[in-house]
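To start, the structure itself, in structure tokens.
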Amino acid sequence: MENVLLVGFPNSGKSTIFNMLTGQLRKVSNYSGVTVDSASSELISNSINEKKISVVDLPGVTNLIPTSLDEGVTTTTLIKDCAHYKMIAMIIDLDRFEASLSLLLAVKEILNKKIVVIINKNDHLLFTKAHAQRLEARLGLPVLSISAINDDEKDLDNFIRKHQNDVLAGETLSPKIKIHPDAKQFMPELLPDNHFDEISATEVINSIKSHQAEARQIINSIYKHSTKKTKLTENIDSIILHKFWGSIIFVGIFYFIFHAIYAWAGPLMDFSEGMVSALGQFLAPHMADGFFKSLLIDGVIAGVGGVVVFVPQIMILFFLLSLLEQSGYISRAAVLTDKVMSMFGLNGKAFLPYMSGFACAIPAIMAARSIPNHKERACTIMTIPMITCSARLPVYVLLIGTFVPKITYLGFLNSQALAFFFLYFLGSFFSLMVAKIFRLTIFKGETSNFMIDLPHYEKPSLRFAFRQALRKGKLFLKKAGTIILGLSILIWFLSTFPGPDKKLTVNKTPEQISSMTLEGSVLGQTGKLIEPVLRPMGMNWKMGVGLMVAFGARELFVSTMGTVYALGNVDEESTTLRERLRSEIDPATGLPVFTTAVVWSLLIFFVFALQCTSTLAIVRREMGSWKYPFYMFSYMGVLGYGGAVLVHQFLK
Amino acid sequence: MSLTLADVDVGIEVEVVSYDGEGLYEFKFISLGILPGDHVVIQSKSLFGGPMAIKHGEWNFFALRKDYAKKIIVKKLGE
Ligand SMILES: Nc1nc2c(ncn2[C@@H]2O[C@H](COP(=O)(O)OP(=O)(O)OP(=O)(O)O)[C@@H](O)[C@H]2O)c(=O)[nH]1
Ligand SMILES: [Mg+2]
Chain A
17 MENVLLVGFP NSGKSTIFNM LTGQLRKVSN YSGVTVDSAS SELISNSINE KKISVVDLPG
77 VTNLIPTSLD EGVTTTTLIK DCAHYKMIAM IIDLDRFEAS LSLLLAVKEI LNKKIVVIIN
137 KNDHLLFTKA HAQRLEARLG LPVLSISAIN DDEKDLDNFI RKHQNDVLAG ETLSPKIKIH
197 PDAKQFMPEL LPDNHFDEIS ATEVINSIKS HQAEARQIIN SIYKHSTKKT KLTENIDSII
257 LHKFWGSIIF VGIFYFIFHA IYAWAGPLMD FSEGMVSALG QFLAPHMADG FFKSLLIDGV
317 IAGVGGVVVF VPQIMILFFL LSLLEQSGYI SRAAVLTDKV MSMFGLNGKA FLPYMSGFAC
377 AIPAIMAARS IPNHKERACT IMTIPMITCS ARLPVYVLLI GTFVPKITYL GFLNSQALAF
437 FFLYFLGSFF SLMVAKIFRL TIFKGETSNF MIDLPHYEKP SLRFAFRQAL RKGKLFLKKA
497 GTIILGLSIL IWFLSTFPGP DKKLTVNKTP EQISSMTLEG SVLGQTGKLI EPVLRPMGMN
557 WKMGVGLMVA FGARELFVST MGTVYALGNV DEESTTLRER LRSEIDPATG LPVFTTAVVW
617 SLLIFFVFAL QCTSTLAIVR REMGSWKYPF YMFSYMGVLG YGGAVLVHQF LK
Chain B
3 MSLTLADVDV GIEVEVVSYD GEGLYEFKFI SLGILPGDHV VIQSKSLFGG PMAIKHGEWN
63 FFALRKDYAK KIIVKKLGE
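Keeping their order, the protein sequence lines are chains A and B.
When you line the first sequence up against my numbering, it's residues 17 to 668, in that order.
When you line the second sequence up against my numbering, it's residues 3 to 81, in that order.
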């Protein structure tokens, strides 16, 4: 296998090209610093070619001297794996031609490796064949211009294959790189083998300057920019970054997203919920009563089905986020929120990982690699899991949709959507508050500087956004079909066995028997055991069991409730989980179990508690010690429990 | 006192003269291709002294905090 590295400026389209060549789905987004780790994959065309080639996608860099960990990954790969790759494909961003060409000059100077040049974002074919030939002559390297969003992979694939065969004399195998001492910390893997020549910061700057100057000179002699795209970006920014309107639009956009997830998904969800319960009702009469029927209807359909109905919400969330990411708005949002971030002791760059946190904490924690300052990065990582991720969505929607009364204010503000927005706000607000506390105590320090580049606006592709949404929907279904299915079956067993004493069930109604079974089951007994801990939060043992199971993954709360309530419920009238929850009566008082106080106590618990084992594992990996996930789990647990108790006592 | 980018009003085009402070401030700007002699225009300033957006040359857009802008010594065009 021959390796080709994709190297280039941030946001130049490396991941887009990687996806195009390999059929992978690496994250692509219109701001700098999206990719923070390397990934390697085989070309699609390997199946019809003898020569097998794989390409490696790397984080974007502005030069070879890193100022953060993600940039360090690229330099490390270039230097350390030098003997293992055959060619470097330099991706040049036509929108930032000069600066990205200067990176090429730097790479060329340090490494005598085969290099091919790919000019990307040539959407309007302004960079012609003739330009390419002149650039080839100036650089002495092969040049191809493409538009990764318009073209297919054929030309590019052929180009790479063709030049893969070129012979190169005196190839570098163990290069040294000139850096100033501060940059070493971002390349820990290079430290032991002495790959560095230390020079002063001034020398580093002079060398970069000379590359920049040379790049300009080359470009001026062959190509003239068009400024059409620039004008559009300028006009849009005059509103988006406006002192006053900017903030209003910002709040408007985010409110719209959460409103849409909530409001648009309603009809879709009613539909999928209807399907799930219809399936149960269709199957039930055809099966003999007994354990198997109960396992299928109460365990699998009620458990997995309860979660599956949330696919529309997940898809809407990712669809809208993708549109936002493609447009170029995200980096503007980072600018608009920077002042607030700085008040909480964070870098404006922290906005980007926080933003990914709305999808999932795991990529978000990795995205924090682009924050240069160690303490700020640590602090960002430690607080990201409080941002409402998509796994909390089913829980919020279920509880709010079932128990918060629907009222419309001012004609467009819907009480349920507001409650939903409030929970998102609460999570975000507390992550900033806790960050501030950390910055004043364990991660003490000044906030570092913030500078971000603002890419040109692009028209978002609906098709691309839809594909992203579909992919997330599929992943979610896969999870439902694997872990959630497995655990639903397990939960069914644990809540059915050992089963009540036969002697006690004589002369009891089926309803009484089923509730005796549930309470006497392994799950029921465990639940009763922890009831004293639950009581201050106003929860009964069924909810407690749901909470416990949700420590594996938050969606499991919904499937557990689905199974537990399906088992306890023999009357076939109320078939959806929402109806079952609503009709649950406390036998001691005769009143509904889910009061406003109980519902909000549950919601608050979900806002704060760290119920995600994968997050703990990734924090350990990124921070290099178990200490961090341990602290994280503890403080979030205290907030979750404390918050739930407080809310319950207050609303009771 | 020399004029810094932080003192310039929105819409005014100025020329970058040099960078103040330790080398590493300069590093970031140079890497992004903002060299002495280049022209920049302030596009907008945020509320409460938040970051300012600048346009560099005819083509590139950046945003930076005010503290950072104070490190960039500039002069008015034609001075
Ligand atoms: N107009 C245009 N946009 C493109 C083209 N190729 C990629 N893009 C867009 O450029 C943006 C950045 O693409 P990515 O592939 O994420 O860039 P990257 O180089 O991997 O960026 P980092 O991972 O941050 O270094 C995305 O919004 C892409 O849709 C192109 O040929 N034309
Ligand atoms: Mg990328």
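C-beta: ideal position from N, C-alpha, C; glycine also.
Look up residue i in the DSSP assignment and give the residues it is bridged to.
i: ALA105 (chain A); result: A:LEU22, A:VAL132
i: ASP213 (chain A); result: A:LYS194
i: PRO608 (chain A); result: A:ILE601
i: MET54 (chain B); result: B:LYS47, B:LEU66
i: VAL76 (chain B); result: B:VAL18
i: TYR425 (chain A); result: A:LEU429
i: MET532 (chain A); result: MET532 (chain A) pairs with nothing; no bridge assigned.
i: MET652 (chain A); result: Paired residues: none, contrary to the question.
i: LEU160 (chain A); result: A:ILE134
i: ILE468 (chain A); result: B:ALA65
i: GLU58 (chain A); result: A:SER70
i: THR6 (chain B); result: B:ILE75
i: VAL42 (chain B); result: B:VAL16, B:HIS58
Are the beta-carbon atoms belonging to residue i and residue j less than 8 angstroms from one another?
i: ALA99 (chain A); j: LEU189 (chain A); result: yes
i: MET577 (chain A); j: LEU563 (chain A); result: no
i: PHE446 (chain A); j: MET402 (chain A); result: yes
i: GLY87 (chain B); j: LYS73 (chain B); result: Past the edges of chain B, shown from 3 to 81, lies residue 87 (chain B), and the structure says nothing about it.
i: LEU336 (chain A); j: ALA375 (chain A); result: no
i: ARG232 (chain A); j: GLU114 (chain A); result: yes
i: MET532 (chain A); j: LEU618 (chain A); result: no
i: THR542 (chain A); j: VAL561 (chain A); result: yes
i: ASP53 (chain A); j: MET382 (chain A); result: yes
i: VAL72 (chain A); j: SER56 (chain A); result: yes
i: ILE60 (chain A); j: GLY39 (chain A); result: yes
i: LEU470 (chain A); j: PHE31 (chain B); result: no
i: ARG177 (chain A); j: ILE69 (chain A); result: yes
i: PHE143 (chain A); j: TYR271 (chain A); result: no
i: ASP284 (chain A); j: ILE317 (chain A); result: As written in the sequence, residue 284 (chain A) is Leu, which differs from the Asp given in the question. Contact: no.
i: LYS67 (chain A); j: GLU18 (chain A); result: yes
i: VAL132 (chain A); j: MET103 (chain A); result: yes
i: TYR440 (chain A); j: PHE274 (chain A); result: yes
i: THR13 (chain A); j: LEU362 (chain A); result: No answer is possible for residue 13 (chain A): it lies beyond the span of chain A, which begins at 17 and ends at 668.
i: ILE56 (chain B); j: THR6 (chain B); result: no
i: GLN342 (chain A); j: ASN79 (chain A); result: no
i: VAL413 (chain A); j: PRO552 (chain A); result: no
i: VAL320 (chain A); j: SER504 (chain A); result: yes
i: THR93 (chain A); j: VAL77 (chain A); result: no
Subject >> Interface residues of the stretch 341 to 361 of chain A facing chain B [CB-CB below 7 angstroms] >> reply: Cβ contacts with chain B come from VAL351, LEU352, ASP354, LYS355.
**OP:** Please list the residues of the stretch 59 to 74 of chain B that have a C-beta atom closer than 7 angstroms to any C-beta atom in chain A, keeping them in chain order.
**Re:** GLU60, TRP61, ASN62, PHE63, PHE64, ALA65, LEU66, ARG67, ASP69, TYR70
Original post:
According to a CB-to-CB cut-off of less than 9 angstroms, which residues of the stretch 464 to 493 of chain A neighbour chain B?
Top reply: ASN465, PHE466, MET467, ILE468, ASP469, LEU470, PRO471, HIS472
**OP:** Please list the residues of the stretch 10 to 42 of chain B that have a C-beta atom closer than 7 angstroms to any C-beta atom in chain A, keeping them in chain order.
**Re:** GLY25, LEU26, GLU28, PHE29, LYS30, ILE32, SER33, LEU34, GLY35, LEU37
Original post:
For the 8 angstroms Cβ check, are there 3 or more pairs between the stretch 482 to 492 of chain A and the stretch 357 to 373 of chain A?
Top reply: no
Subject >> Residues within the stretch 211 to 230 of chain A neighbouring chain B, beta-carbon criterion of under 8 angstroms >> reply: SER216, ALA217, THR218, VAL220, ILE221, ILE224, LYS225, GLN228, ALA229
**OP:** Name, going along the chain, the residues of the stretch 252 to 280 of chain A whose beta-carbon falls closer than 8 angstroms to a beta-carbon of chain B.
**Re:** ASP253, SER254, LEU257, HIS258, LYS259, PHE260, GLY262, SER263
Original post:
Are there three or more Cβ pairs, one per stretch, closer than 8 angstroms when the stretch 416 to 430 of chain A is compared with the stretch 382 to 391 of chain A?
Top reply: no
**OP:** Would you check if there are 3 or more beta carbon pairs closer than 8 angstroms linking the stretch 449 to 465 of chain A to the stretch 42 to 54 of chain B?
**Re:** no
**OP:** Report the residues of the stretch 386 to 420 of chain A with a CB closer than 8 angstroms to any CB of chain B, ordered along the chain.
**Re:** Identification of residues in the stretch 386 to 420 of chain A having a C-beta nearer than 8 angstroms to some C-beta of chain B yields an empty set.
**OP:** Using a Cβ-Cβ cut-off of less than 8 angstroms, give me the residues of the stretch 60 to 84 of chain A that come near chain B, in sequence order.
**Re:** THR78, ASN79, ILE81, THR83
Original post:
Would you say the stretch 125 to 138 of chain A touches the stretch 146 to 166 of chain A, given that touching needs at least three Cβ pairs under 8 angstroms?
Top reply: yes
Subject >> Residues of the stretch 46 to 57 of chain B with Cβ closer than 8 angstroms to any Cβ of chain A, in chain order >> reply: SER46, LYS47, SER48, LEU49, PHE50, GLY51, GLY52, PRO53, ALA55, LYS57
Subject >> Stretch-stretch touch, CB-based, cutoff 8 angstroms, three pairs: the stretch 121 to 136 of chain A with the stretch 199 to 214 of chain A >> reply: no
Original post:
Three or more C-beta pairs closer than 8 angstroms, one from the stretch 304 to 311 of chain A and one from the stretch 473 to 480 of chain A: is that the case here?
Top reply: no
**OP:** Compile a chain-ordered list of the residues in the stretch 135 to 146 of chain A whose CB is closer than 9 angstroms to at least one CB of chain B.
**Re:** Under the 9 angstroms Cβ criterion, the stretch 135 to 146 of chain A contributes no residue.
Original post:
Which residues, taken in chain order from the stretch 85 to 113 of chain A, show a beta carbon closer than 9 angstroms to some beta carbon of chain B?
Top reply: Cβ contacts with chain B come from ASP111, ARG112, PHE113.
Original post:
Within the chosen definition, does the stretch 413 to 420 of chain A reach the stretch 606 to 626 of chain A through at least 3 CB pairs nearer than 8 angstroms?
Top reply: yes
**OP:** Scan the stretch 359 to 379 of chain A for residues whose Cβ lies nearer than 7 angstroms to a Cβ of chain B and list them as they occur along the chain.
**Re:** Under the 7 angstroms Cβ criterion, the stretch 359 to 379 of chain A contributes GLY364.
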